Structure formats: C-alpha cells, structure tokens
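These notes are about the structure you will find just below.
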Amino acid sequence: MFILNNGTSALSFNQPKFCSSATWNFNGITFANVSTAGQDPRAIFVNTNNTIYVANRENNTVIIWQEESINPTKIISGNFTSPNSLFVTSNGDIYIDDGEKNGRVQKWSVETSTFVTVMNVNSSCSGLFVDINDTLYCSMFQQHQILKRSLNDPVMTSNRVTAGTGIKGIASDQLGGPRGIFVDVNWNLYVADYENNRVQLFQSGDSDGMTVAGSTSLNPTITLNRPNAEKYLFILDTGNNRIVGSSLNGFRCLVGCNGEGSQSNQLNLPYSFSFDPSGNMYVTDSNNRRIQKFKYLKRDCDKTSSILQKIYSSLLTNNNQIYYRDCQKEIFYYESIQVQVIESGYYTFRGSGEIDPYGSIYKTKFNPLDPSENLLDQEYGHGSDIHFKLDIHLNGDMAYILVVTTFESKDTGEFSIVVSGKNKVILERLSTSVNIQFRYSSKLIDDSPTYYRDCQVPQCHYDALQIHINTTGLYVLWSENNINAYGYIYKNDFNPLKPSENLLLSHDGKCNDGEFKLIIDLEINTRYILVVTTQDPKIIGNFSVVISGPNNVSLSPFSPKESSCVIGDRCNFYIKGIGLTLDDILRDKLQSNTVLNNQSFSIKLSAGLTIIMFVAGLINSILSFITFQHKDSQQVGCGMYLLASSITSLLAISMFIIKFWFVVLTHINVSTSLSVLRGGCASIEPILKLFLYLDGWLNACVAVERALLIFKGVKFDKKKSRSIARRTILILPFCIFGTLIHELAFRRLFVYETAPDTTNTNKTIEDTNNRYVSCITHYSPSIQDYNTAVLFFHLVGPFIVNLCSALFIIFGGARQRSMARTNKSLKEHIQEQFSEHKQLIISPILLLILSIPRLIISLLPGCAKTSKNLWLYLGAYFISFTPSMLIFLIFVFPSKLYMKTFKQSLIRIRRRTAS
Numbered sequence: 001m002f003i004l005n006n007g008t009s010a011l012s013f014n015q016p017k018f019c020s021s022a023t024w025n026f027n028g029i030t031f032a033n034v035s036t037a038g039q040d041p042r043a044i045f046v047n048t049n050n051t052i053y054v055a056n057r058e059n060n061t062v063i064i065w066q067e068e069s070i071n072p073t074k075i076i077s078g079n080f081t082s083p084n085s086l087f088v089t090s091n092g093d094i095y096i097d098d099g100e101k102n103g104r105v106q107k108w109s110v111e112t113s114t115f116v117t118v119m120n121v122n123s124s125c126s127g128l129f130v131d132i133n134d135t136l137y138c139s140m141f142q143q144h145q146i147l148k149r150s151l152n153d154p155v156m157t158s159n160r161v162t163a164g165t166g167i168k169g170i171a172s173d174q175l176g177g178p179r180g181i182f183v184d185v186n187w188n189l190y191v192a193d194y195e196n197n198r199v200q201l202f203q204s205g206d207s208d209g210m211t212v213a214g215s216t217s218l219n220p221t222i223t224l225n226r227p228n229a230e231k232y233l234f235i236l237d238t239g240n241n242r243i244v245g246s247s248l249n250g251f252r253c254l255v256g257c258n259g260e261g262s263q264s265n266q267l268n269l270p271y272s273f274s275f276d277p278s279g280n281m282y283v284t285d286s287n288n289r290r291i292q293k294f295k296y297l298k299r300d301c302d303k304t305s306s307i308l309q310k311i312y313s314s315l316l317t318n319n320n321q322i323y324y325r326d327c328q329k330e331i332f333y334y335e336s337i338q339v340q341v342i343e344s345g346y347y348t349f350r351g352s353g354e355i356d357p358y359g360s361i362y363k364t365k366f367n368p369l370d371p372s373e374n375l376l377d378q379e380y381g382h383g384s385d386i387h388f389k390l391d392i393h394l395n396g397d398m399a400y401i402l403v404v405t406t407f408e409s410k411d412t413g414e415f416s417i418v419v420s421g422k423n424k425v426i427l428e429r430l431s432t433s434v435n436i437q438f439r440y441s442s443k444l445i446d447d448s449p450t451y452y453r454d455c456q457v458p459q460c461h462y463d464a465l466q467i468h469i470n471t472t473g474l475y476v477l478w479s480e481n482n483i484n485a486y487g488y489i490y491k492n493d494f495n496p497l498k499p500s501e502n503l504l505l506s507h508d509g510k511c512n513d514g515e516f517k518l519i520i521d522l523e524i525n526t527r528y529i530l531v532v533t534t535q536d537p538k539i540i541g542n543f544s545v546v547i548s549g550p551n552n553v554s555l556s557p558f559s560p561k562e563s564s565c566v567i568g569d570r571c572n573f574y575i576k577g578i579g580l581t582l583d584d585i586l587r588d589k590l591q592s593n594t595v596l597n598n599q600s601f602s603i604k605l606s607a608g609l610t611i612i613m614f615v616a617g618l619i620n621s622i623l624s625f626i627t628f629q630h631k632d633s634q635q636v637g638c639g640m641y642l643l644a645s646s647i648t649s650l651l652a653i654s655m656f657i658i659k660f661w662f663v664v665l666t667h668i669n670v671s672t673s674l675s676v677l678r679g680g681c682a683s684i685e686p687i688l689k690l691f692l693y694l695d696g697w698l699n700a701c702v703a704v705e706r707a708l709l710i711f712k713g714v715k716f717d718k719k720k721s722r723s724i725a726r727r728t729i730l731i732l733p734f735c736i737f738g739t740l741i742h743e744l745a746f747r748r749l750f751v752y753e754t755a756p757d758t759t760n761t762n763k764t765i766e767d768t769n770n771r772y773v774s775c776i777t778h779y780s781p782s783i784q785d786y787n788t789a790v791l792f793f794h795l796v797g798p799f800i801v802n803l804c805s806a807l808f809i810i811f812g813g814a815r816q817r818s819m820a821r822t823n824k825s826l827k828e829h830i831q832e833q834f835s836e837h838k839q840l841i842i843s844p845i846l847l848l849i850l851s852i853p854r855l856i857i858s859l860l861p862g863c864a865k866t867s868k869n870l871w872l873y874l875g876a877y878f879i880s881f882t883p884s885m886l887i888f889l890i891f892v893f894p895s896k897l898y899m900k901t902f903k904q905s906l907i908r909i910r911r912r913t914a915s
C-alpha cells in the first residue's frame, strides 16, 4: 500500500506537505502491541482529526484512539471476520473488509452505530478506498483486479472492474495480487501490484496502466498535474520490510532500512501504513505483532535553507559562575547566553574552541541549582572538530538560554558558538563573573531564636539578616558551612510564624554540594531579609555567607517583630486580643504530666487559697440563706432578692473553684479528652459570668426596693413588691444570659502539637510530642467592642444603681423628716440620715472597688507577661470574687432587723436540733 502526497485539504486522510528530503526517525516507537492490536495487525487508518483506527483480526473489533490518547478510547465490535483493510470517511463512517468468509464490505455508520453491507465481493479486499465522489474501491488480491461501485447507487450488484482483467499477468492491463490502492482528486488510480513488484498508475478512464515504481519503471519519480503542490510517492515495500519514498533523485528508503527484524529500527512483513496530521508515520508491523510510530523530523527540511546567522566568542575563566552540572561532586564553570530568534524554525548551534565545550539549551530560564529544569537539549561532541552541535526548533516569541560549560571539571579557555538558521539570531550574555563584595561569618548557638521551618521542621535555629545594596542588579549569595544550612530571602519583612509570607527565594543546598545558593535580582530602596537556618532541628555551628554582585553589599542583624500575644506552634497559631483569663495567668507555671505535690509553690498556694475562698463563700451563703429563708424576711421584695442572692453567691463561688481546678487539672493531664476540654471551654466561663453578674444585679434590686420604700412611705404595697420580685428573679437570668450569648458563638478550643524531638534519642515520642490546648475567644473588632460594653454595663451598672438609690434614701428620708420635724434643719436631718444609712453608700463603693480588678483583668492584653508578677494578677483575680462572699457582712450584719431575724432563725434551728 502507498500514499501520494498532494496537499488536498477536503479529504478524510492526511496528506502532509513534505519536502523532497523529508526524513523520519529510524527508531520507531511501539504505539500498540499484541495485547491491543492482536496477533496479525494489518489495517490502520489515521484521519485528519488525528484519530487512529486499527482492525483487530482476532477479536473482530475496530479499536479507536482519539487525539493524544495513549490508551484506546473506543472499541467497536461487529460481525465481520479477519479484516485486511479499512477506510474512514470525513464524516466518521468506517468501511471495513469482510470478504474472506462473508463476501462483503461493511460500513459502520457514525450516526446509527450500526453495520450495513455496502458491497458484495467474492474474496477479501486487500485494500479499500473511498474517493471524493463517494465511489468505493476494493483491491481483489486473489482475483487480480480492482472493483468499484458508487455508494450513491441503490443497486448492490453494480460492481464494476476498474483495473485488471481477472487473470494474473504483467501486461499493462493486468495485475498480480494487488494490495494497496489510492485514488487522487483527478480519479487517477494507483495500485500496489504486489506480485509484479511494481506500482501501476491507471489514469481516469484508461484500462492500461503505467508503471511508476518498480523494476520496469522508466521514470522513477512522477510529477502529477496539480499546481501549487509537490507530489511524492510513498510505497510500502513488504518483501524488503521497509517503506520507500520518491525524491528529486529517485526513490530512497525512509524507515525499516536495516533489514528484517524486531528492533525499533526494523520491520517484519509490514502490511499497511498511514500518516497523522504532523507527518508521523504509523505502520502495521504484522510479524512483530505491533504498530510502530516513526516520528517525522521536520528540521531536516528546514535545514535546507539554513544560513550562517551569528558567531559568538567568549572565555571561561575561574571568575565565571560555577555549578554542579550533573548534581554530583564536581564543579564546572559556565556561561549562560540568552537566545532570541526573529523567525520560528530550526537552528543549529555549533560549539568549538580550545576547551572541550558542553552545550545545553533551555526554555525561558536556566536554573543552575536544577540543571534538568526547562532543559530542551544538550550535546557533547566527544572530541570531534565540532565539539557540540545542537539542532533545535526555536519559536520567535520565546526566550531561550544557551549554557556553555566544559566536559572536564574546572576547565577554562576560549570558545566560540556558530549559529545558523532561517533568520537573524540575537545572543546576549546573561551570567556575570564572580565579583565578591561581602563575606559574613556568624554562628548559630543554643540561644539563637527558633521557628518552625517551612511549617514542617520544628525548633530550627535561625539568623535573620537585612541585605543592604547600592546598585540594582543580579546578586549571588552562597553559604560555606558544616551545618547543612538552608537559605531564604524575603521581601519587606520576615515573620517566623508565617514562613511562607513575603518569601522570594529559598534553597536547601540541593545540587550544590549541600551549600545553599541564591541567585536573585535585587532593587535599591527595597528591604530584603536573608534568613539562614538549618535542615534539621536544634543544629548549631559556624557558617559564612558570601555575596557576589555589581556593587558593595552589607548585612546587618534583623529582628522580626515578635508578639507575646501569640500562642501556638507549627505555623498553627493564634494572636490573643484583650482579656486576661485564668488560663493565661497560670499557663506558664503549670507543669504538664506532673502531680500537684510537685507543682510550684505558687500553684499549691493558689490552690489552698481557692479552697479557703470556697469555704468562706459557703459559710456566707449558708448564713445568708438562714436569714432570708424565713417568712418574716420575705414580707417585701428585698428579702426575696437577698435570698436569691445568697443562692447565686454560692453558685458563683462554686463555679469559681470548678474553673480553677478545671484549668489546673487539664493542664497537668495533657491526655484529657478534647470533648471534655471543648465542653469546659464553652460553658464554664459564661456560666461563671452569669452568676457573678446576676449577684450584682440582685443587690442593685435591693437598693431600688429600699428607695421605693422611702419614696412611697406608708403607700408602699408589700404584696406588689413581692410579686415584682418573683418576676424579676425569674426574668433577670435570661436577660443577663442574652448579653453573653456571643461567647458561646466565638469561644472555641485552640489545639496545637509540637513534633517529636528527634535529636534526643533518650526520649520517647510520648515524651517529646506534646499537645497544648488553650481556650480562646476569637472576636472581630465590632464584637470585641460589644463585649467590652457588656463588661462595663454589668460591673458599673449595679454600682450606679446602688449609689443613686443610697443617695435618694438619704436625701429623700431627710426631706420627709424635715417636713415632719421642723425643730431641726434639713442639713441636720441629712447628717442624721447619712449616719443611719451610711452603709448604703459604703457597701456599693466597696463592692465596686472589689470588682475593679476583674474589670482591669478583662481589659488587659491577653499576652501580658503574668509569670513575672504572678501574684499581682492572680491576687487581683481572686479579689474580684470576694463580693460573692460578703452578702452576709454587707446586708445582714449592719441591719438590726436582719440580725434579729438571723438570731431568731438560729434559735429555731437549735430547738429543732435539740428536740
């Protein structure tokens, strides 16, 4: 079978335009093997959409590969048997030989996905073809003739003989076992006359053929009558296991030129072939049970018009930049050259000189720390006159980098590059000579700061240095050390908590003998930070940094902005806002996995004070409850408020001790369940605040009730007072909780873990892998403002109510007495009232003073260094809970009425106990 190149575009098969010297890679690539193509692959077709069709004779299937796919994308099964040929039309219909046993040619319709018979034959069709008039041709190998019928003719028996007499012979009108056939746009028929070892051309309407290839051919190359297109013959020479093509000087071998065999450059009984749109050749290699793909080498056509475009000369010295060419131990001097071409096409770079040059060409960028990145081609001539030669296709809209180095390590000398191609080539040197401007030496020590390098390696010591330059340009920074240094360059700022932020460049010593190397363009008036750290954690030692560049360079220490408000590690951190909690105060003093007896004295003392405060609060609440539970004390609302306050005081002091021990025990026992920690974080603090605020507002209700009593005098309605008190006691907790609901939404558990300390082999993973937990409130600025307002409202509000009520009682009572007792002035009555009710003013002021520490703690930054003044913060925190312990002292002890009621209650209790 053969194909003629005529350049027509409205056909289903590919006819790439080749030059007369077109070549293909001698070594084929196995596109499909026996598992896909079967034991005896014969028929193949590649359409203009680069879809490949192969007939599998064993499975009776047509296998389809879509463009660029490696594996088959579709398999069509049919009732055909052992097909020898197939043809695909431009609409996707498949014509397949089924003549060997079933005496027909079938068509698979792409629209209906069904098979129909389109031609009746009495033997297999060794070749099939559909011309531009929808005429189907079949080469009858055993009948020695070519049949055709119009697919537009509804009569199935309308086959006509278009070539051959049906008798084997070598006459011009005879054929001998025809196989491949081809019909051009002028309806000229080309036949591979297999057994006569020739190719016959039957011009339209002629029954006599003309030999265009073979031993009897008078003219080995036929120029067909079609303007503006070169036409060449491609013939599958089955007996010689090769494919040949016509050229200006006759026929020449294209592929399979090394004789019969199974190597990649050999064929064994090839049966058919087809071109893809790019000119690559697909061959059914029958006896090797495979389909071979031979890549078209377009550059060999382009090189025919190549002319000298540029000569570049230079010198490699020991001042050139160095790199590890193969990422091994040997270093090489190199020069990088930017290449730009005006017109796309194939170009040749020839290198020679007194050195033994080694050439590589890269796309867009050359990275000496990864010489394989962007590499397009490289070559070494092994001592030839032209030491290296690179033939490569370059695009006009893209930059390329040519790198010239040497075959031997540290070799120096002159070299030149000769460039030839289609059009002008621009070569510009990129790499600069080594010009050392600064050398910096320092040492990483145990006191050097640490961070979580790349959020992967913990406890890496680092040194941060600011780079000062005077000239914009390309700079190279490299290390000389024995600590496996790792180098980073940041722009504007370096944040150890966010090591990827502002990062420009990094290198770990790969392909540079373990020394980091940073090649970067730096601009003046811009701050750059060099961070030198280590590959592994807790490594210390000496290091040096060498900088090469166009002008003076210096380094100075750089201190990252560190905040003590940060909690967390491993690039998982939280920056605390305002508000100091018991967790923050005790965190630095609590030792994990250590029993209480072995904790610090501060922890043990604070635990003792907590118990004392709870006992005192319990006594206060019991005494208050004894006083106000009697009916005599509940004749008005005041007694009911104070009874409720005695209960909330007990609940507040109970939540206080629960919170303290929850914080202590969960920090000591780091294996506490996270669900328990989340529950405690979300609930304990809001409940504690609820009881504290409720206690304060109940005391304020007492003050308001007393003021109303003075205001109304004898008109005061005790029954209504009790009714209002009941409703207030019921509603008040819900109102207060409503102001705290935001804490449930924004309060969460922050968990972070430190990685195992692999440097200490004496510790187990359990010893070194620690989990840290903190209860945080992540407020937005607006929610933070609201939270502060709520805090002020609940602490200052009751004080203002108490103070105003006390002043009203004193001045209101004095005014009423002055009207009833005129023998004394108003001023004297005020003095008497103040002397009588001075506890009403002193009490709220005292409660406010005791609550101020809680207000201050709530407004302090969460990152305050509490460990330096632990008892200042811890004492203030404890004092803020003392108001809940003073109900009896503030309200009962100064009142003669309540003290009398208290004593009567005690007497009743004694009597019950005695009886």
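UniProt numbering applies: residue 1 is where the sequence shown begins, and numbers increase by one. For every residue, glycine included, the Cβ atom is placed at its ideal position computed from N, Cα and C. This structure is a prediction, so every number in the text was calculated from the model and none was measured.
- The distance from the Cβ of Asp356 to that of Glu408 is about 6 Å, consistent with a contact at the 8 Å cut-off.
- With respect to Gly127, Asp173 sits apart: the two C-beta atoms are not nearer than 8 Å.
- When secondary structure is reduced to three states using DSSP, Tyr400 falls in the strand class.
- C-alpha of Thr211 to C-alpha of Pro16: approximately 24 Å in a straight line.
- Contact between Ala707 and Ile809 is confirmed by a C-beta separation of about 6 Å, below the 8 Å threshold.
- In the DSSP assignment, Arg706 falls within the unbroken alpha helix (DSSP H) covering 674-712.
- Leaving aside the five residues that flank Asp237 on each side, the residues in its chain whose CB is nearer than 6 Å to its CB run, in chain order, Val244.
- Taking 8 Å as the upper bound for CB-CB distance, Gly421 and Thr348 are in contact here, some 7 Å apart.
- A residue is called buried once 16 or more other Cβ atoms fall within 10 Å of its Cβ, and Ile181 is buried on that count.
- Residue burial annotation: Asn542 is exposed, with fewer than 16 other C-beta atoms found within 10 angstroms of its C-beta.
- The C-beta distance from Ser123 to Phe141 rounds to 7 Å, short enough to meet the 8 Å contact threshold.
- A distance below 8 Å separates the beta carbons of Ile417 and Gly351.
- The straight-line gap separating the alpha-carbon atoms of Val476 and Thr406 is approximately 22 Å.
- Boundaries of the alpha helix (DSSP H) around Arg722: 718-746.
- Counting every other CB atom within 10 Å of its CB across the protein chains shown gives Ala914 a total below 16, marking it as exposed.
- Cβ-Cβ separation between Thr533 and His461: approximately 7 Å, consistent with a contact (criterion under 8 Å).
- Taking one beta carbon from each stretch, the region 316-325 and the region 366-377 have 3 or more pairs nearer than 8 Å; the two touch.
- For Tyr873, the enclosing alpha helix (DSSP H) begins and ends at 870-879.
- The three-state reading of DSSP puts Met140 in strand, counting E and B together.
- Beta bridge pairing from DSSP links Pro41 with no other residue.
- For the pair of segments examined, the region 38-51 was found to touch the region 256-273: the number of CB pairs separated by less than 8 Å reaches three.
- The beta carbon of Ser646 lies closer than 7 Å to those of Ser621, Ser624, Phe625, Phe628, Ile887 in the same chain, with the five residues before and after it left out.
- For Ser554, the enclosing beta strand (DSSP E) begins and ends at 553-557.
- Taking every protein chain shown into account, the CB of Ser559 has fewer than 16 other CB atoms within 10 angstroms, so this residue is exposed.
- Of the other Cβ atoms in all chains shown, 16 or more fall within 10 Å of the Cβ of Arg179; this residue is therefore buried.
- Just measuring C-alpha positions, the residue of Ile426, Thr788, Arg198 sitting nearest Val341 is Ile426.
- Just measuring C-alpha positions, the residue of Pro733, Leu390, Ile52 sitting nearest Pro72 is Ile52.
- Secondary structure in the region 454-524: no alpha helix (DSSP H) run of 4 residues or longer lies completely within the stretch.
- At a Cβ-Cβ threshold of 8 Å, Tyr486 and Asn502 do not count as neighbours.
- Minimum Cα-Cα distance from Tyr877 among the listed residues Ala399, Leu582, Ile611, Asn258 corresponds to Leu582.
- In its chain, beyond the 5 residues on either side, Ser409 have a beta carbon closer than 6 Å to the beta carbon of Glu330.
- Taking the C-beta atoms as reference points, His144 is found no nearer than 8 Å to Leu189.
- Secondary structure at Ser649: helix, using DSSP grouped into helix, strand and coil.
- Take Leu376, set aside five residues on each side of it, and the residues of its chain with a beta-carbon closer than 7 Å to its own are Ile361, Tyr362, Lys363, Ile392, in chain order.
- One alpha carbon belongs to Leu740, the other to Ile585, and they sit about 23 Å apart.
- Cys257 is not bridged by DSSP to any residue.
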